[in-house]
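Per the numbering used here, the very first residue in the sequence shown carries number 57; after that it's consecutive. Notes to accompany the following structure.
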Amino acid sequence: MKQIRLSKSCLSENEKEAVLDVLDREYLGMGKDVQEFERLLEEYFARPVACVNTGTAALHLALQAIGLNQGDEVLVQSLTFVACFQMITAVGATPIACEVDPNTITIDLNDAAKKLTSRTKAIMPIHYSGGVGDLDAIYKFAQEHKLRVIEDASHGFGSTYKNRLVGSFGDIAVFSFDGIKNITSGEGGCVISNDAKVMSHVRDARLLAVEKDTEKRFAGARSWDFDVKHQGFRYHMSNIMAAIGIEQFKRYEEFKTKRQNYAKLYQKNLGNNQSVGVLDLNYDQVVPHIFVIKLLKHSRKEIQSHLEKFGIQTGIHYQPNHLLTYFKNIKEVSLPISEAIAPRLLTLPLHADLNIDDIEFVCKKLLEVLK
Ligand SMILES: *Cc1c(COP(=O)(O)O)cnc(C)c1O
């Protein structure tokens, strides 16, 4: 039986050849391939970009770069990847779990406003599935309350908001290039910002905070005589990863069109069914990383095991973080909307190696059981 995977890396001969080329050159660390990948991304976003080895590391460095201290608070939706919460606590700050707008699963600003305190320093909006919610309102809110904004745009590579590319404007944006994201570099991620202080912090901090080591490595050299002024990590990207990223970036238009078309097809086939809800997103603007439905009547387990019988893999994005032991122990809260909606969310297969027939098949099998 054909297996329809929830998500996967979509690789061609191009990526394989690019990796072999790096291996042949025998310079595997951070060098000219990383420099070239950053250059391509800087051209695309028209902003400074720093690549690192995971999206999680990108979040960590962005949070560190804005100078958070012990006890500072960051507003973040509970329904997100656990990396967001983990990296907030990693810098000693406290994640303040917020509700979501059930139509888009993006942060509910009314709830966030209720949770403001004198210790609130930043807001981290998650561009869930690729949609950004009311980003203008988020920036207005941040400005009013003097908050830094770190956009977790991991799901939204290529998405636009009011015809502007997400990541090309705003305070700080973070992307992930892990194996299944809209483009991959194996693992990987990046920080994008126009704030020169943030970017220079991130560039140094990814290389153990060895000052200006980035420039040395891009010139194929090393720093033997240097100073270190703050905490750093080994978070830099390798040439192997960048080589994959460069080839994926060149194929991006194809990935983007497929992801948008498949989401539109799901939306058309499932949007009018009484038993499911789809997110309120415009797939001419949004490039979706995942396609999520809300099960209004059926149990998720029942639907998942039915689809599994036909080789269709499904996923769950996400468990509410405020219910996980570690975060509950830091700050106990109750979020009725997130708690009610989370068990109803189901993610359907979406990646660039699927075809129209696969999506039709998933819809057919799903509609069969929803009847
Ligand atoms: C993928 C992802 C990240 C970063 O993940 P990495 O796997 O570390 O690259 C962060 N936030 C969200 C919402 C994600 O989906």
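For each residue, glycine too, the CB sits at the ideal point set by N, CA and C.
Residue i - partner residues in DSSP beta bridges
i	result
His-292	Val-108
Ala-113	Bridge partners of Ala-113: none, in fact.
Gly-371	Thr-403
Thr-162	Asp-157
Phe-231	Cys-246
Tyr-217	Arg-220
Met-180	Val-132
Pro-376	According to DSSP, Pro-376 bridges with nothing at all.
Val-284	Val-266
Pro-151	Val-130
Ile-122	Its beta-bridge partners do not exist; DSSP assigns none.
Ile-194	DSSP, once it has assigned bridges, lists no residue as partnering Ile-194.
Ile-60	Ile-368
Inter-residue CB distance, residue i and residue j (contact presumed, cutoff 8 Å)
i	j	result
Arg-278	Lys-272	6 Å
Gly-288	Leu-263	7 Å
Glu-99	Ile-302	About 12 Å separates the two Cβ atoms, so there is no contact after all.
Val-205	Tyr-195	6 Å
Leu-124	Cys-154	Leu-124 to Cys-154, Cβ: 17 Å. No contact.
Leu-352	Val-332	6 Å
Leu-115	Cys-140	6 Å
Tyr-322	Cys-419	7 Å
His-257	Val-108	Their Cβ separation, rounded to whole angstroms, is 12 Å, which puts His-257 and Val-108 out of contact at 8 Å.
Ile-144	Pro-151	4 Å
Ala-265	Val-75	About 29 Å separates the two Cβ atoms, so there is no contact after all.
Residue i beta carbon near ligand 1 (any heavy atom closer than 7 Å)
i	result
Leu-351	no
Leu-264	no
Lys-64	no
Leu-203	no
Thr-110	yes
His-211	yes
Lys-58	no
Asp-234	yes
Phe-311	no
Leu-115	yes
Cys-107	no
Cys-140	yes
Gly-189	no
Gly-223	no
Ile-163	no
Ile-144	no
Glu-243	yes
Phe-137	yes
Lys-72	no
Unbroken alpha helix (DSSP H) run spanning residue i, endpoints
i	result
Phe-417	412-426
Pro-392	392-397
Thr-145	138-146
Val-258	252-261
Val-90	88-101
Val-78	69-81
Tyr-308	308-326
Tyr-382	381-386
Ser-361	356-365
Residue i, buried or exposed, once every other Cβ within 10 Å from all chains shown has been counted against 16
i	result
Ser-68	exposed
Ile-122	buried
Thr-381	exposed
Pro-392	exposed
Leu-326	buried
Glu-309	exposed
Arg-259	buried
Ile-179	buried
Leu-119	buried
Residue i, enclosing beta strand (DSSP E) - first and last residue
i	result
Asp-208	204-208
Ile-349	347-351
Val-188	Run containing Val-188: none; DSSP gives neither H nor E here.
Gly-226	Run containing Gly-226: none; DSSP gives neither H nor E here.
Val-42	No answer is possible for residue 42: the residues shown for the chain start at 57 and end at 427.
Check: residue i C-beta below 7 Å from any heavy atom of ligand 2
i	result
Ile-152	Within the structure as shown, ligand 2 is missing, the only ligands being ligand 1.
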